[in-house]
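S.K.: Note that my numbering has the sequence shown beginning at 77, numbered continuously upward. Ideal Cβ positions, reconstructed from N, Cα and C, are used throughout, including at glycine. If you scroll down you'll find the structure; I have some questions about it.
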Amino acid sequence: MKISKSAPSNIALIKYMGKVDGLGNKPANASVSYTLEHLRTHVEIERISSANGRDQWQPLQIEGAFPLALKPTGQEKFLNHFGRLKEKWGIKDTYLIKSANNFPSDCGLASSASSFAALTWGAAELFQKTAPQNWGDDLTELSRLSRQGSGSSCRSFFSPWALWRDQGAEPLKFSLRLHHAVIILEKDVKAVSSSEAHKRVLTSPRFQGRIKRAEEKLEVLLSAISQERWKEAHEVIWDEFWDMHELFHTSQSPFRYMTSECREILSWMEKKWKQEKHGPWITLDAGPNIHLLFHNEDLAFAQKYLTEFNRHNVITSWGSP
Ligand code: DP6
């Protein structure tokens with residue numbers, strides 16, 4: 077018995093950064109994201125017979141996928157989550173899980189979001205076949221379960237807009253559609269994982285007030301998106317990623333994902349927005365790669381904008397930039 081499943085990544089516009097005490101990735105504040113259908117994790121889950129009864133992970137070989145070398149801690153986190161799902165659904169068999177991303181991993185492209193969503197979703201579909209009573213097609217429930225593996229993955233169950241306040245995410249019914257591009261400035265594995273970042277930010281003096289700031293920005297952003305006040309949304313999104321990165325820079329063991337090249341590009345983008353009074357939404361995740369979101373009707377503008385970055389590797393939702 078074997079299943080293949082894929083799930084998308086997502087980019088947060090109001091970030092999940094900092095957890096409340098206890099297990100299960102409970103966020104300090106609510107977050108909102110846009111789902112990135114073109115950046116996906118593929119999983120294959122297959123029942124195996126194994127002498128030690130332990131589930132195993134291997135990289136999946138598929139065309140167009142990036143080589144995935146999960147470190148032992150990454151494998152453990154992934155397999156522990158699978159173990160939790162088996163326990164929840166009363167599954168005793170042993171499985172081999174293979175996974176691959178169609179984009180570089182661990183560099184601020186939120187690969188844990190798509191990985192854990194694909195694993196949770198795939199496991200649910202597989203176990204539905206073997207023991208039909210075990211799960212419903214309730215995405216809200218799957219989102220809550222996936223959150224326990226990796227918080228940001230709970231938003232990948234809803235597309236294109238998702239809001240995560242507490243236990244799991246919910247869909248948002250905005251009509252606005254976006255084109256996504258990401259300028260890859262770094263594709264190596266990052267030195268500080270986002271799970272570690274969640275811990276360190278709690279030690280920043282700027283964490284005082286962070287929850288209030290994030291909640292206020294969320295309300296402004298939701299209103300700006302629903303009424304398509306593009307520039308206002310841009311200003312909130314811009315402010316939000318700087319807020320998150322300032323937490324990194326000011327934690328007790330400070331760390332930095334932004335490189336000088338990243339900062340130069342961000343300054344150029346800021347100037348361009350001022351000159352033209354228009355531009356893409358700009359955000360960074362826990363990495364130096366720059367995510368751009370263009371209005372659905374701005375594809376020609378997006379293509380022209382990205383000619384500035386011809387020397388960089390750029391991944392877009394519409395194919396070649
Ligand atoms: C910076 O979901 O990777 O991407 O719950 O510990 O697995 P864990 O963390 P993770 O955190 C992602 C944080 C972020 C912002 C976001 O996606 O909201």
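Closer than 8 Å is the cut-off here; do at least three beta carbon pairs connect the stretch 239 to 257 with the stretch 106 to 118?
M.R.: The stretch 239 to 257, when compared against the stretch 106 to 118, does touch it at the 8 Å Cβ threshold.
S.K.: Nearest to residue 269 by CA position, among 193, 354, 93, is which residue?
M.R.: Nearest C-alpha to residue 269: 93.
S.K.: Buried or exposed for residue 363, going by 16 or more other Cβ atoms inside 10 Å?
M.R.: Its Cβ being crowded by 16 or more others within 10 Å, residue 363 is buried.
S.K.: Taking all protein chains shown into account, decide if residue 91 is buried (16 or more other Cβ within 10 angstroms of its Cβ) or exposed.
M.R.: Classification of residue 91: buried, given that the 10 Å Cβ count is 16 or more.
S.K.: Between the C-alpha atoms of residue 228 and residue 379, what's the straight-line distance to the nearest angstrom?
M.R.: In a straight line, the C-alpha of residue 228 is about 29 Å away from that of residue 379.
S.K.: Is any heavy atom in ligand 1 found nearer than 7 Å to the beta carbon of residue 309?
M.R.: False, no ligand heavy atom lies under 7 Å from that Cβ.
S.K.: Quick one: is residue 316 near chain B, going by C-beta distance under 8 Å?
M.R.: Although the question refers to chain B, the structure presented lacks it and comprises just one protein chain.
S.K.: Is the CB-CB distance between residue 199 and residue 248 below 8 Å?
M.R.: Their beta carbons are not under 8 Å apart, which means residue 199 does not touch residue 248 by this criterion.
S.K.: Relative to the C-alpha of residue 295, which residue among 89, 394, 80 is closest?
M.R.: When each option's Cα is compared against that of residue 295, the closest is 89.
S.K.: Give a single yes or no on whether residue 226 has its beta carbon closer than 7 Å to a heavy atom of ligand 1.
M.R.: Yes, the Cβ of residue 226 comes within 7 Å of a heavy atom of ligand 1.
S.K.: Please state the DSSP three-state secondary structure of residue 267.
M.R.: Correct three-state label for residue 267: coil.
S.K.: Taking just the CA atoms, how far does residue 144 sit from residue 135?
M.R.: Looking at the two C-alpha atoms, the distance is approximately 6 Å.
S.K.: Could you tell me the distance, in whole angstroms, from the CA atom of residue 114 to the CA atom of residue 85?
M.R.: Straight-line Cα distance between these residues: approximately 8 Å.
S.K.: Over what stretch of residues does the beta strand (DSSP E) that includes residue 240 continue unbroken?
M.R.: That run of the beta strand (DSSP E) goes 237 to 240.
S.K.: Beta carbon of residue 92: closer than 7 Å to some heavy atom of ligand 1?
M.R.: Under cutoff, so the answer is yes.
S.K.: In the DSSP assignment, find the beta strand (DSSP E) that holds residue 405 and state where it starts and stops.
M.R.: There is simply no residue 405 to check, as the chain begins at 77 and stops at 397 in what is shown.
S.K.: Can you grab the Cα-Cα spacing for the pair residue 287 / residue 231, in whole Å?
M.R.: Rounded to the nearest angstrom, the two C-alpha atoms are 19 Å apart.
S.K.: Grab me the residues of residue 155's own chain with a C-beta within less than 7 Å of its C-beta, minus the 5 sequence neighbours each way, in chain order.
M.R.: So the qualifying residues of the chain are 131, 133.
S.K.: If you count every other CB in all the chains shown that lies within 10 Å of the CB of residue 256, and 16 or more means buried, which is it?
M.R.: It counts as buried.
S.K.: On the three-state DSSP scale, how would you describe residue 148?
M.R.: Residue 148 falls in the helix class under three-state DSSP.
S.K.: Does the separation of the CB atoms of residue 233 and residue 252 fall below 8 Å?
M.R.: No.
S.K.: Count the other CB atoms within 10 Å of the CB of residue 336; is the residue buried (16 or more) or exposed (fewer)?
M.R.: Its Cβ having fewer than 16 others within 10 Å, residue 336 is exposed.
S.K.: Could you check if residue 345 is buried or exposed, using at least 16 other CB atoms within 10 Å of its CB as the buried criterion?
M.R.: With 16 or more Cβ atoms within 10 Å of its Cβ, residue 345 is classed as buried.
S.K.: Taking the alpha-carbon positions, what's the residue 293 to residue 149 distance?
M.R.: Using only the alpha carbons, I get a separation of about 34 Å.
S.K.: Roughly how many whole angstroms lie between the Cα atoms of residue 138 and residue 124?
M.R.: If I take the Cα positions, the gap works out to 20 Å.
S.K.: Please state whether the Cβ-Cβ distance between residue 377 and residue 385 is less than 8 Å.
M.R.: Result no, Cβ atoms of residue 377 and residue 385 do not sit closer than 8 Å.
S.K.: Please state the DSSP three-state secondary structure of residue 234.
M.R.: It is coil, neither helix nor strand.
S.K.: Nearest-angstrom Cα distance between residue 224 and residue 354?
M.R.: Residue 224 and residue 354: Cα-Cα distance of roughly 39 Å.
S.K.: List the DSSP bridge partners of residue 370.
M.R.: The partner list for residue 370 (beta bridge, DSSP) reads 255.
S.K.: Taking only heavy atoms of ligand 1 into account, decide whether any of them is closer than 7 Å to the Cβ of residue 232.
M.R.: It does not: the Cβ of residue 232 is nowhere closer than 7 Å to a heavy atom of ligand 1.
S.K.: May I have a chain-ordered list of the alpha helix (DSSP H) segments no shorter than 4 residues that lie completely inside the stretch 335 to 371?
M.R.: Counting whole runs of 4 or more residues, the stretch 335 to 371 contains the alpha helix (DSSP H) stretches 336 to 352.
S.K.: Tell me the rounded alpha-carbon separation between residue 334 and residue 383.
M.R.: In a straight line, the C-alpha of residue 334 is about 22 Å away from that of residue 383.
S.K.: Quick one, which of 359, 330, 328, 327 has its alpha-carbon nearest residue 339's?
M.R.: Answer by Cα proximity: 359.
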